[in-house]
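In what follows, a structure is listed as structure tokens, so that the remarks can point back to it.
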Amino acid sequence: MPPSTWSIASARPMRTSGGRDLQAYFHRFHLNDLAHHLGKKDQGGKRLCVDYRPLNAVTVKNKYPLPHIDILFDQLAGAKVFSKIDLRSEKKIYPRQLSRPDMAYMSILVMSFGLTNALTFFMYMMNSVFMNELDKFVVVFIDDVLIYSKSEEEHKEHLRIVLTRLREHKLYAKFSKCAFWLKEVSFLGHILSKKGVAVDPSKVKDVLNWKQPETVTEIRSFLGLAGYYRRFIKDFSKTAKPMTSLTKKNAKYVWSPNCEEAFQTLKKLLTSAPVLAQPDVTKPFDVYRDACSNGLGYVPMQEGRVIAYASRQLRKYEANYPTHDLELAVVVHALKI
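Residue 1 is where the sequence shown starts when you use UniProt numbering, and the numbers rise one by one after that.
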């Protein structure tokens, strides 16, 4: 199916704005038997509409890991001043074919998001750029950059270093999504401050209106959101067990009263989650553990404040363990985390 045509009014901005950027992103003007459609973005502008599934299916996957969110936050102990930068990265790219004869076909030179290795390559690049600053005063998750400091004077120097790095590597931010010199910052679905880390209310405000799941897919969708914030929920695995049991292979879908109770409990806990303290590795930890037939759970604390809640369900072979072995299993689980 040929790409849609664009009116002169629509095509002119793409051509004129491309005069500055197209050469950096594309080889221009060549013949090809393939082209991609161009659609409108909600916030204005255009985006490519490309189905990369066939290409992704035969692409050798890059195993470079994305960072674990909880581990990223564990390094923020003592931070009081924050800034965040949202990079434009390569999300804003131009189309391979704009349908206007005078613009012809153009091949992308940059990595396009949607390709299976795009995120891992970008993460590798960002870690390389900030290698000397990571775990000191910079947190990077793909195109989101967080700068944290213990004082305003320190933060001034940290910002200078980060902005210099970005300029050196020609990485540009979207100013409307950046924020500087904050006492409290929203980052990756969490609220960070000197008090600790909390759930971002804007990310879970609609949970109370979440309708009862009617399919396994809907259960997994809800548990995916709840699981993202599981460190804030005491005995998450035990509470969610009636629902997770319905997602097992060959399980008959029956929404029981236990499922409804678990569903309502998780919604309530998500919308009333506590502020968790940031761990200080220079101070001792107190660990409280619990083991029973429904699962294992433990809570690390420092100076009377909860660091996180952790739990998991019993494995099949563990169901036969005596109590003292289950208690030891909790210790092993805690040490692994």
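Backbone N, C-alpha and C define an ideal beta-carbon position, used for all residues, glycine too.
Excluding five sequence positions before and after Pro284, the CB atoms of its chain that fall closer than 8 Å to its own CB belong to Gln302, given in chain order. Secondary structure note for Ala291: it is in no alpha helix (DSSP H), and the uninterrupted beta strand (DSSP E) holding it is Asp286 to Cys292. Residue Ala308 holds the alpha-carbon nearest to the alpha-carbon of Val299 among Ser293, Ala291, Leu163 and Ala308. For Leu182, the enclosing beta strand (DSSP E) covers residues Ala179 to Leu182.
Residues Ala251 of the same chain have their beta carbon placed closer than 7 Å to that of Ser245, with the five preceding and five following residues left out of the count. Counting along the chain, Gln264 sits inside the alpha helix (DSSP H) bounded by residues Pro257 to Leu270. With distances taken between CA atoms, Asp70 lies nearest to Val199 out of Glu157, Val199 and Pro322. The three-state reading of DSSP puts Ala198 in strand, counting E and B together.
The alpha-carbon separation between Ser272 and Val60 amounts to approximately 43 Å. C-alpha of Arg88 to C-alpha of Glu168: approximately 15 Å in a straight line.
DSSP, reduced to helix, strand and coil, places Ile71 within a helical segment of the structure shown.
In the structure shown, Asp86 adopts extended strand secondary structure according to DSSP, grouped into three states. The segment 121-128 and the segment 50-57 do not touch, with fewer than three beta-carbon pairs separated by less than 8 Å. Just so you know, the alpha carbons of Leu223 and Thr247 end up roughly 10 Å apart.
Within the same chain, Cβ atoms closer than 7 Å to the Cβ of Phe137 are found at Ile147, Tyr148, Ser149 and His158, the five residues on either side in sequence being excluded.
In terms of Cβ geometry, Leu182 and Phe82 form a close pair [threshold 8 Å]. For Asp235, there is no enclosing alpha helix (DSSP H), as DSSP marks it with neither H nor E. Between Ala277 and Arg231 the beta-carbon gap is near 12 Å, outside 8 Å, which marks them as no contact.
According to DSSP, Phe141 shares a beta bridge with Asp144. In the DSSP assignment, Gly297 falls within the unbroken beta strand (DSSP E) covering Gly295 to Gln302. DSSP places Phe113 in the strand class (E or B) of the three-state scheme. One thing to note: Leu314 has its Cβ no nearer than 8 Å to the Cβ of Gly297.
Shortest Cα-Cα distance from Lys336 to any of Thr282, Ser311 and Ile219 involves Ser311.
The DSSP-derived three-state label of Ile219 is helix. Pro279 counts as buried, since no fewer than 16 other beta carbons sit within 10 angstroms of its beta carbon. Bridge pairing for Leu192: Val185 and Val197 [DSSP]. Residue pairing for Arg305: DSSP places it in a beta bridge opposite Gln302.
Boundaries of the beta strand (DSSP E) around Ser311: Ala310 to Arg312. For Leu246, the three-state secondary structure derived from DSSP is helix.
Setting aside the 5 residues that flank it on each side, Ile161 is surrounded in the same chain by Glu133, each with a C-beta closer than 7 Å to its C-beta; the list follows chain order. By the 16-neighbour rule on beta-carbons within 10 angstroms, His68 is exposed. Distance check between Lys211 and each of Lys267, Met131 and Pro65 places Lys267 closest, using alpha-carbon atoms only. Minimum Cα-Cα distance from Ser176 among the listed residues Val254, Leu326, Asn320 and Lys84 corresponds to Lys84. The closest CA to that of Phe130, considering only Leu171, Ala118, Glu152 and Arg289, is found on Leu171.
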